[in-house]
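Participant: Everything in the sequence shown is counted per full-length UniProt numbering, starting at 1 for the first residue and increasing by one.
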Amino acid sequence: MQHSGGMSDSIRPYKLAHQILSLTGINLQRQSIIGFVELTLALQTEYLRQVKLNCKQCRVYRITLNDDLETTFSYCDPTQDIMQGSSNRDLESFAEAHEAAVNSTDPEYGRGELVVDIPVDAQDLIQEGQMLRIGVEFSLETPTAGVQFVLPDTDGTPAERGAHMFTYGFENSSRLWFPCIDSFCDLCTWKLEFTVDETLTAVSCGDLIETVYTPDMRRRTFHYHLALPTAAPNIALAVGPFEIYVDPHMNEITYFCLPNLLPQLKHTAKFMHATFEFFEEVLANRFPYSCYKQVFVDETYEDVSSYATLSILSVNLLCPPQVIEQVYETRRCLALALAHQFFSCFISLTGWSDAWLTLGISHYLTGLYVKKFFGMNYHRDWMYSEMQEVIKYEQRYGPIVLDNSGTAPTGSHAPPTFHPLHSQKEFYFPLSSVHTVSPRYLEVYTKKSHLIMRMIEQRIGAELLLQVFNKQLSLAMNACEQRFSYDAWGSILLSTSTFLKAIYTVTGKDINVFCDQWVRQGGHARFHMSFVFNRKRNTVELKISQDQVGSRGVRLYMGPLLVHLQELDGTFKHTLQIEGINASADLVCHSKSRRQKKKKIPLCTGEEVDMDLNAMDPDSPVLWIRLDPEFSVVRETVVEQPDYQWQFQLRHERDVASQIEAVDALVRYPSPASRSALTDVLENEQCYYRVRIRAAHALAKVANALVSSWSGQPAMMVIFRKMFGSKSCPHIVQLNDFENLQVYYIQKTIPIAMATLRNSHGICPPEVSKFLLDLFKYNDNSRNKYSDNYYRAALIEALGESVTPVVSLVSQLGAASITPDSLSPETRQLLDEIVRALNLDKLLPCYKFVVTQACLRALRKLQRCGHLASRPQLFKGYAAYGQFIDVRLVALSCLVDYVQADGQEEDLLFLLSILEADPVPQVRRQLARMLVDTPPFERGRKHPLDTGDVAIRLWMLMNAGCAYDSQLRCAVVDLYYVLYGRGQPSWIPELSHFPTMDGRLKEDPLADEPPLSTTRLSRHEVRPRATRVPRARMV
């Protein structure tokens, strides 16, 4: 997403050969680190004036050359104050200044925050081919990013309390905890030393060589060595009182977890050796490193963070054997972490414009794992959901360009759709750096990279694509064996150009035109298909239109497009050539129309099924049509066909994506026939469970549309009682038995879907409410080996869904008049059940407090519908630091919803205080996302919450308040855009009134001073803290 890589090689007159990182003073209680780094540079010049390093929030004491000569240095970090005294407060100006600030210290340009001077009297050390060692002594005190210290508020020593620390950062952010050249394309070997308390264990990258106790036997030093060339962003550290578990099947794998979590760790990791073997078999290559470590810690920045030989994972991924839901997500995350070891840590990207390769390949490999171990249906559903997310984002914000280096399309036949420079104008943030783009953009960017890699697979073949991966790994391994040939290390780097060359070498196919269309340009295609059957000619007259070309995110597609025509005699594939906005074709039918019933209809899978053809057109042999069934294009399809064809497609098509499309389409055709089709799928045990789940929710929507003509019991009640009711008394549910996982998911879903049913008065039918309460009454999990926590949470969610807005005199009188006596008997029963479950979860906590989460959502629904007084105190208590993170996030989402509906300014400022200073970085980022999705007020409309205090605090937060967390800064930019747009809010004061981080106004003491400049330092000089940037700690 940035300039093409290799910049540093042409700018720096030296190569980074080796680096030593020694942290001797790691103090968990004081949240401080004292350390030393030594960078060994292989000089390629006879004259060198300065060396630029990356370093943030570190206090630098001393810098030496070759151990003896002390030198001066200077420091400048323009990202600490983006606007640097400018009076502009609009996003256009901020985006320009933000881009300039990030690029001014970009290591890919050979730049950095810390500039080390090479004095004239040291020029005798500068000789081409010689080594220059630069030593930096530094410390880190109470860091605000890059290092997370977790100190539980309990009694005992830090080890007894489970206190630990670990490093984190978004992409190349190692500069936040030690000076380095923070670029993915600057590789070197590493020697790592960490001295910690004797009760703690230090886990880092590379092989553990030895552990040495200090003379007083109170501390010990862990020595690691990483022989394979590795970039600084792929170095990490975790320190804590970890319990250690070596994989019994593969001794190369070691796991680390916090105290008392070893049983869950053993259960979670028992499949990992099979994942290892799978990747090695698929890639036809051994794991590149000699060891692999997984560390599970608390308060992680992301659930999965991958580094060389090391993955730092969230402790919340651990799960006991009684839990079902978490297993799928955990296994996929751990497989992704292992895939990153091959492509991201070992083979690194050259520049940010090549990030789509490492992201796409690692997710593609994870997809192969998912396909093998979870099944094709799971994989197809995953692909379909990712496609929909990409389409939705691009249509709302603009096209995502994977290779945003600014290189013009090279293909002579590339259609004139989007250009990278054009796509940048669509967004309110710069696309030139990964540290300036929206977190949501990066999330969808990753998904699109995965989809594009699958498109490449379809064009060259799966086996040949794996051979390309194997070739890259083999070249990288050969380069690693050449220890002192730094130029050969370039084979360890992956770029778009080298990847295309590898494809051409292996397959002989040139896919440059494809990359011009889908990698160097953004957007997706949108096809609108309609057809008419011509009885005389026995053909299907097909029309495909791309009439939305030119609208946001939609591009013109020109090329082949596959159409599946399901006829009475089987499935027939047709490849159409799309050459413009409108395309048409006459597809010859291979079947003759039959007015009589046909017993067996062959499907594309080769099986033959019985179909009731009474509903279809007797003159047409066409049962249904599918457009691009293999996802060969990133596209949105709108298919026009009669409802009976959607019903055929839902009942008899075997592809999950096709069934999902049919379920969504039948919601638009509420009829008894659609009801019957959805019911058949819901009851069909051969159908994929996620399709059945969607069918249940669709059936509820169809039932609501047919409420005036619906006869019999409420939808799905008969199905549920037939599947789960007692044989002697159907209204009493059987004992829980979750052995059949697909049936278990249906048992959870049907009550939630039924809770959305409404009668002619717009309220939940009384028999449904009684049915839901009976499920609580008769729920018995005594003989079930699996936990029913998620099932009980689903029942509480169903109670919340059954609530409808109250229409009464009480609701008009306000919250003060709402008392327990004013509640209806039905609502009081519902509230009693929710409160009972909430209190029980305090006494007997369940896994991840999922019941508490469901209760909080249900209580907020009662408030929003007017059954309870709308007050935020309960949610503020659950949102406080110290609660489980998932509970906190749910409570914050309820608060965000409350602020939008009924909140006062003090409630919004409470959320902003969490956004500014919460100890957990993930909570801050997630809260920013919630505020973006549910803004407290609409832009451009007068609102009591649209005050100067809010605008000032947001501006200061994104300008200087989160200088070390680029993702949080960009998330706040998203929020600022949602609330105020690209322009300057009217509430922003003049420059003479300078806002502080607590929201007050004061005169700006630096208004007349020039922008922040570098300060020359030596060992005898101490730079005072900058007045403008209070978080600067560089000395």
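Glycine included, every Cβ here is placed at the ideal spot set by N, Cα and C.
Treat the numbers as computed from the prediction; the structure is a model and nothing was measured.
Among L587, C604, F648, which residue has its Cα nearest to the Cα of D617?
Facilitator: F648
Participant: When the Cα atoms are used, what is the spatial distance from L1001 to R953?
Facilitator: Residue confidence is low: L1001 scores 39 on pLDDT, short of 50, so the model does not pin down where it sits. No coordinate-derived value is stated.
Participant: With a threshold of 8 Å, are at least 3 pairs of Cβ atoms found where one atom belongs to the region 788 to 807 and the other to the region 857 to 867?
Facilitator: yes
Participant: Nearest CA to the CA of L772: which residue from T827, C894, H761, D974?
Facilitator: T827
Participant: Quick one: is K293 buried, meaning 16 or more other Cβ sit within 10 Å of its Cβ, or exposed?
Facilitator: buried
Participant: Taking only three categories from DSSP, how would you classify G146?
Facilitator: coil
Participant: Would you kindly work out how many angstroms separate the C-alpha atoms of K777 and I732, rounded to a whole number?
Facilitator: 9 Å
Participant: Quick check on this structure: which residue in L856, I391, F242, A869 has the alpha carbon closest to the alpha carbon of A879?
Facilitator: Sorting L856, I391, F242, A869 by C-alpha distance to the C-alpha of A879 places L856 at the top.
Participant: Three or more C-beta pairs under 8 Å: does that hold for the region 328 to 347 against the region 356 to 371?
Facilitator: yes
Participant: So Y369 is in the alpha helix (DSSP H); what residue range does that whole segment cover?
Facilitator: Counting along the chain, Y369 sits inside the alpha helix (DSSP H) bounded by residues 355 to 373.
Participant: Apart from the five residues just before and just after S787, which ones in its own chain have a Cβ nearer than 6 Å to its Cβ?
Facilitator: So the qualifying residues of the chain are Q322, V323.
Participant: Rounding to the nearest angstrom, what Cα-Cα distance links L41 and T211 in this structure?
Facilitator: 28 Å
Participant: Run the CB neighbour count on A928, radius 10 Å, all protein chains shown included, and call it buried at 16 or more, exposed below.
Facilitator: The Cβ neighbour count for A928, taken over all protein chains shown within 10 Å, is at least 16; the residue is labelled buried.
Participant: Does the pairing of the region 698 to 710 with the region 741 to 759 give three or more beta-carbon distances under 8 Å?
Facilitator: Result yes; three or more Cβ-Cβ pairs closer than 8 Å.
Participant: Please report the distance separating the alpha-carbon of V60 from that of K785.
Facilitator: 57 Å
Participant: What is the rounded straight-line gap between the Cα of Y791 and the Cα of H267?
Facilitator: So the alpha carbons of these two residues sit roughly 22 Å apart.
Participant: Once the 5 residues before and after W190 are set aside, which same chain residues still bring their CB inside 8 Å of it?
Facilitator: Taken in chain order, the residues that qualify are H18, Q19, I20, L21, C205, G206, Y224, H225, L226, T230, I235.
Participant: Which word fits I11, buried or exposed, when buried means at least 16 other C-beta atoms lie within 10 angstroms of its C-beta?
Facilitator: exposed
Participant: Hey, is the region 391 to 408 in contact with the region 548 to 555, meaning 3+ C-beta pairs nearer than 8 Å?
Facilitator: With a cut-off of 8 Å, the region 548 to 555 and the region 391 to 408 count as touching, because enough Cβ pairs lie within range.
Participant: Please check the pair I503 and I511, which I expect to be a contact at CB under 8 Å, by giving their CB distance rounded to whole angstroms.
Facilitator: 6 Å
Participant: So, is A269 buried or exposed, given that buried needs 16 or more other C-beta atoms within 10 angstroms?
Facilitator: buried
Participant: Spatial neighbours of W489 within its chain, please: C-beta separation below 6 Å, excluding the five flanking residues on both sides.
Facilitator: L187, P229, A479
Participant: How many Å lie between Q84 and P78 at the Cα?
Facilitator: 8 Å
Participant: Around the C-beta of residue 1047, are 16 or more other C-beta atoms found within 10 angstroms, so that it is buried, or is it exposed?
Facilitator: Because the chain spans 1 through 1035 in this model, residue 1047 falls outside it and cannot be assessed.
Participant: For T254, which beta-bridge partners are listed by DSSP?
Facilitator: V246, K293
Participant: Which first and last residues belong to the beta strand (DSSP E) in which A238 is found?
Facilitator: 237 to 240
Participant: For C970, I'd like the list of residues in its chain whose CB is within less than 7 Å of its CB, leaving aside the five on either flank, ordered along the chain.
Facilitator: F429, T436, V437, S438, P439
Participant: Please go through the same chain and pick out, in chain order, the residues whose beta-carbon is closer than 7 Å to the beta-carbon of E386, but skip the five residues on each side of it.
Facilitator: Only K447, H450, L451 meet the Cβ criterion.
Participant: Which residues bound the beta strand (DSSP E) around V707?
Facilitator: V707 -> no beta strand (DSSP E), and no H or E assigned at all.
Participant: Exposed or buried, which one is M217 when buried takes at least 16 other CB atoms within 10 Å?
Facilitator: exposed
Participant: With a threshold of 8 Å on Cβ separation, who are the neighbours of P152 within its own chain once the five nearest residues in sequence on each side are excluded?
Facilitator: R161, G162, A163
Participant: CB-CB under 6 Å to G135, same chain, minus the five flanking residues each way: which ones, in chain order?
Facilitator: E38, T64
Participant: Alpha carbon to alpha carbon, what distance is there between H379 and S632?
Facilitator: 15 Å
Participant: Determine, using beta-carbon pairs with one atom in the region 25 to 37 and one in the region 93 to 107, whether at least three such pairs fall under 8 Å.
Facilitator: no
Participant: Taking only three categories from DSSP, how would you classify L915?
Facilitator: helix
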